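Numbering (UniProt numbering), first residue to last: 1 to 461.
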């Protein structure tokens with residue numbers, strides 16, 4: 001019977017490190033087995049501590065690193081050490097230049113033709129901060145440039161959507177009368193087109209007639225100026241007629257006049273094209289407004305979608321009420337101005353009344369602009385007529401501010417007066433007439449969101 005070697009927890013049989021095929025020593029289950037280093041004095045190679053055992057294991061050629069699955073680099077190093085050749089690992093194929101390596105490393109298969117997602121980078125990684133910041137700055141710059149480039153198109157889209165939302169209450173009223181939405185949209189849009197056509201017939205013929213009369217009477221006006229004593233005195237002192245003749249006969253004057261006519265023609269064509277574009281976009285937006293609303297409502301989380309839809313419908317309803325109320329106030333102002341101008345006998349009563357109605361669409365200052373324009377024309381008809389116009393518009397402005405406007409807008413806009421003024425100033429500065437027009441309903445929508453969403457959440461904290 002062979003003699004059994006007594007087991008010692010603190011020592012173990014020395015391991016031969018001279019060959020590459022030596023079997024690795026098996027450590028005690030409780031402590032790591034010390035490894036005797038070749039060439040060390042007797043008794044000095046025993047590693048009594050775990051740190052010494054780890055150091056000895058690191059110098060041994062019998063490392064078991066190749067047994068760890070998935071570590072190809074360590075396996076290659078272990079094989080090279082086992083062979084004793086010390087050969088370096090072959091370089092891995094570059095996935096940028098090697099298509100097969102690219103597909104293999106990306107994990108391309110039938111279910112993932114472009115590979116599988118890798119492990120996300122840590123949010124605190126410096127690369128994440130740098131890349132995200134640079135990408136944000138670049139995106140913001142590109143957005144600003146894009147908005148500047150297409151600003152006119154954006155204005156047309158905003159105006160069209162605003163008009164579509166404003167006309168939607170009329171469409172819904174026709175729908176409640178059991179008229180299909182398509183037919184209701186057609187009827188409302190036809191009414192809008194007829195209004196534009198009527199305005200054109202009311203304004204264009206009188207203006208054209210007056211321009212023609214002015215051109216026909218130009219020689220008479222010149223003769224009257226020449227026979228005027230004050231003009232004759234100024235002509236003797238400053239040689240006005242001689243300078244005027246030199247200016248008219250100068251070739252640059254003709255070129256400037258031609259350029260001015262071309263510029264005016266371009267403005268007219270551009271205005272007509274913009275008007276046609278707004279009408280077409282308004283028709284499309286009005287017809288597809290329910291689909292557009294559903295699309296944006298579905299962007300909200302499912303748990304919040306019902307409340308978002310309720311708030312959205314309320315905001316759109318208020319915008320529609322504001323547009324309808326503004327048009328109603330403008331119609332009342334134009335009608336009152338027309339009746340007064342007919343009574344006092346001011347010429348061009350209908351075009352001037354239409355001017356008052358259109359300027360009344362501008363918040364805050366529109367009514368004043370219309371009153372000034374009409375009063376100036378009235379003063380040319382006579383001093384008493386002009387004074388009467390000024391008195392009428394002052395009185396009517398008070399009636400509109402304290403009686404008509406509050407009753408028409410009592411539901412549509414629930415915004416403090418100071419906020420209304422600030423919103424109109426900011427909107428007018430940013431987008432001109434369009435900005436001033438949409439600023440007040442936008443402020444009303446923001447006020448509704450703050451009252452229904454922000455304040456209750458703050459109270460619950």
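We put the CB at the ideal spot given by N, CA and C, even for glycine.
Since we're looking at a predicted model, the values are computed, not measured.
Enclosing alpha helix (DSSP H) for residue i [first to last residue]
{"i": "residue 342", "result": "305–344"}
{"i": "residue 229", "result": "229–238"}
{"i": "residue 215", "result": "181–216"}
{"i": "residue 109", "result": "Counting along the chain, residue 109 falls outside any alpha helix (DSSP H), and DSSP gives it neither H nor E."}
{"i": "residue 168", "result": "151–176"}
{"i": "residue 259", "result": "251–287"}
{"i": "residue 354", "result": "349–359"}
Residue i vs residue j beta-carbon contact at 8 angstroms
{"i": "residue 115", "j": "residue 108", "result": "yes"}
{"i": "residue 360", "j": "residue 333", "result": "yes"}
{"i": "residue 418", "j": "residue 442", "result": "no"}
{"i": "residue 462", "j": "residue 436", "result": "The structure shown does not extend to residue 462, since the chain is modelled only from 1 through 461, so no value can be given for it."}
{"i": "residue 202", "j": "residue 354", "result": "yes"}
{"i": "residue 440", "j": "residue 413", "result": "yes"}
{"i": "residue 166", "j": "residue 319", "result": "yes"}
{"i": "residue 170", "j": "residue 188", "result": "yes"}
{"i": "residue 277", "j": "residue 344", "result": "no"}
{"i": "residue 305", "j": "residue 297", "result": "yes"}
{"i": "residue 425", "j": "residue 155", "result": "no"}
{"i": "residue 378", "j": "residue 408", "result": "no"}
{"i": "residue 452", "j": "residue 311", "result": "yes"}
{"i": "residue 101", "j": "residue 113", "result": "no"}
{"i": "residue 205", "j": "residue 348", "result": "no"}
{"i": "residue 162", "j": "residue 438", "result": "yes"}
{"i": "residue 91", "j": "residue 105", "result": "no"}
{"i": "residue 337", "j": "residue 352", "result": "yes"}
{"i": "residue 225", "j": "residue 234", "result": "no"}
Rounded distance between the beta-carbons of residue j and residue i, thought under 8 angstroms
{"i": "residue 286", "j": "residue 168", "result": "7 angstroms"}
{"i": "residue 184", "j": "residue 174", "result": "4 angstroms"}
{"i": "residue 465", "j": "residue 392", "result": "Outside the displayed span of the chain (1 to 461) sits residue 465, for which this structure offers no information."}
{"i": "residue 160", "j": "residue 282", "result": "5 angstroms"}
{"i": "residue 404", "j": "residue 364", "result": "With 8 angstroms as the limit, residue 404 and residue 364 do not qualify as a contact, their Cβ atoms being about 15 angstroms apart."}
{"i": "residue 367", "j": "residue 397", "result": "6 angstroms"}
Inset, instruction - Let me know the alpha helix (DSSP H) ranges lying completely inside the segment 378–405, each 4 residues or longer, listed in chain order. - result: When DSSP assignments are scanned along the segment 378–405, the uninterrupted stretches of alpha helix (DSSP H) that are 4 or more residues long and fall wholly within it turn out to be 383–399.
Legend entry - alpha helix (DSSP H) runs wholly inside the segment 401–460, at least 4 long, in chain order: 405–409, 417–449 and 455–460
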